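This report refers to the structure that appears directly beneath it.
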Amino acid sequence: EALEESGLSSVRLVSDAVFDLDIHTIPARKQDPEHLHLDVRFLIEADDQEAWQVSEESHALAWVSAAQIREEVAELSMLRMLGKTPDSPT
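Residue numbers (this note's numbering): 56 to 145.
This is the structure:
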């Protein structure tokens, strides 16, 4: 999925253990009713020198620091994952 959405070929799975689970509501659209969506997330690494490619499924991509995430991101699931990363203080 990372390759498909970003074009990054250097992606490496850090562990085959599930890193995070997130359940969130997807609003109703066209003929799809509102429903719950489950994200099963794994911890990966990639070469930050490799260029990414925006796809139909990725609207904006960027390499950002943990500090930038803490300052600019309000999504609780993203902040929860950041707290689980090996180099991030809780």
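Each residue gets a CB set at the ideal place from its N, CA and C atoms; glycine is no exception. As the structure is a prediction and not an experimental result, all values here were calculated from the model.
Indicate whether the contact test is met: 3 or more Cβ pairs, each with one atom in the region 57-73 and one in the region 99-116, closer than 8 Å.
By the Cβ rule, the region 57-73 counts as touching the region 99-116, because three or more pairs are nearer than 8 Å.
For leucine 137, report the span of its alpha helix (DSSP H) as first-last.
Element bounds for leucine 137: 131-139.
Using a Cβ-Cβ cut-off of 6 Å (strictly less than) and excluding sequence neighbours within five positions of leucine 93, which residues of its own chain qualify?
Within the same chain, Ile78 come within 6 Å of leucine 93 by CB-CB distance, once the 5 residues on both sides are set aside.
For a quick check, are the C-beta atoms of arginine 67 and isoleucine 99 less than 8 Å apart?
Judged by their CB atoms, arginine 67 and isoleucine 99 are nearer to each other than the 8 Å cut-off.
Straight-line CA distance for serine 64 to alanine 115?
For serine 64 and alanine 115, the distance between alpha carbons rounds to 18 Å.
Measure the Cβ-Cβ separation of lysine 139 and phenylalanine 97 and say whether it is below 8 Å.
Not in contact: lysine 139 and phenylalanine 97 (Cβ atoms no closer than 8 Å).
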